[in-house]
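One structure is given below, encoded as structure tokens.
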Ligand SMILES: Cc1cc2nc3c(=O)[nH]c(=O)nc-3n(C[C@H](O)[C@H](O)[C@H](O)COP(=O)(O)O)c2cc1C
Ligand code: SF4
Ligand code: SF4
């Protein structure tokens, strides 16, 4: 069983590739959380996986909240078996900080131990602050190719239930994960700066693109309703680039997996 979250499709691609390789099932975390589905059953020996993007050098808050809430019973009738193999794969533009440590602790609180994890560099999606920009076309292609090579190497390791850790942490990881990440989750996920421009053609793609159903159309224009995880999917999926986040996104271009 694989639980995943994805805003712009990078982690969805990784989750789908792993699921296809392991012949496993996928559950989209925001959908399950929205429907209050927190109880799961695994067959004895079945593995449990999580796939998500890195947000400010840590796992997204909605993923951590979901992990905290779920119960997983193992075994046919009694549910008294133990989870034998738990892993996660995360996607990031560059580096994941100490996300492995954060996940190990969160899983330990459930009585589970992490068996394997790896990070996959994928094209950048965050451009909501000055200084942040998207990858060039060349980098997008290079990252996609490298990501597929990482998956080709690691999926058989997951299938064989190997224990391994293959994370790109980056520098000053403690400070980024334990000081910047909590501040980002608390303060930098406001959807207030989102707005539409005159270019809007009322197509509703931004509504479809929001994994949290936080965007609605009012008089043909998008309205953001205050439950945002800052995935930037609404911005990136607008076919005429009519969505901006304050002034910081102006002229920065768009990306989602499958678009280029
Ligand atoms: C809010 C936000 C914060 C991000 N923070 C980081 C980060 O700390 N390190 C990093 O390498 N990439 C970071 N990224 C880039 C994403 O992790 C990366 O593009 C990821 O593959 C996006 O996955 P998705 O397409 O499944 O949403 C961030 C992206 C967003 C939207
Ligand atoms: S409103 Fe936009 S940025 Fe916020 S969660 Fe929805 S798609 Fe992501
Ligand atoms: S996706 Fe863009 S053009 Fe379509 S309704 Fe939303 S803002 Fe308007």
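In my numbering, the protein residues as written are 3 to 262. Backbone N, C-alpha and C define an ideal beta-carbon position, used for all residues, glycine too.
If you draw a straight line from the alpha carbon of residue i to that of residue j, how long is it in whole angstroms?
i	j	result
residue 19	residue 213	20 Å
residue 117	residue 159	11 Å
residue 99	residue 221	43 Å
residue 248	residue 195	5 Å
residue 211	residue 190	20 Å
residue 165	residue 237	38 Å
residue 73	residue 83	13 Å
residue 106	residue 202	44 Å
residue 17	residue 154	13 Å
residue 69	residue 9	18 Å
Going by beta-carbon coordinates alone, are residue i and residue j separated by less than 8 Å?
i	j	result
residue 254	residue 129	yes
residue 11	residue 172	no
residue 3	residue 40	no
residue 52	residue 5	yes
residue 218	residue 227	yes
residue 163	residue 257	no
residue 169	residue 102	yes
residue 89	residue 49	yes
According to DSSP, is residue i helix, strand or coil?
i	result
residue 41	strand
residue 114	coil
residue 176	helix
residue 128	coil
residue 258	coil
residue 91	strand
residue 71	helix
residue 51	strand
residue 62	coil
My understanding is that residue i touches residue j, with C-beta atoms under 8 Å, so please give their C-beta distance in whole angstroms.
i	j	result
residue 207	residue 240	6 Å
residue 91	residue 122	6 Å
residue 198	residue 245	6 Å
residue 145	residue 131	Contact flag wrong, Cβ pair sits at about 21 Å.
Q) If we count Cβ pairs, one from each stretch, closer than 8 Å, do we get three or more for the segment 53 to 69 versus the segment 15 to 32? A) yes
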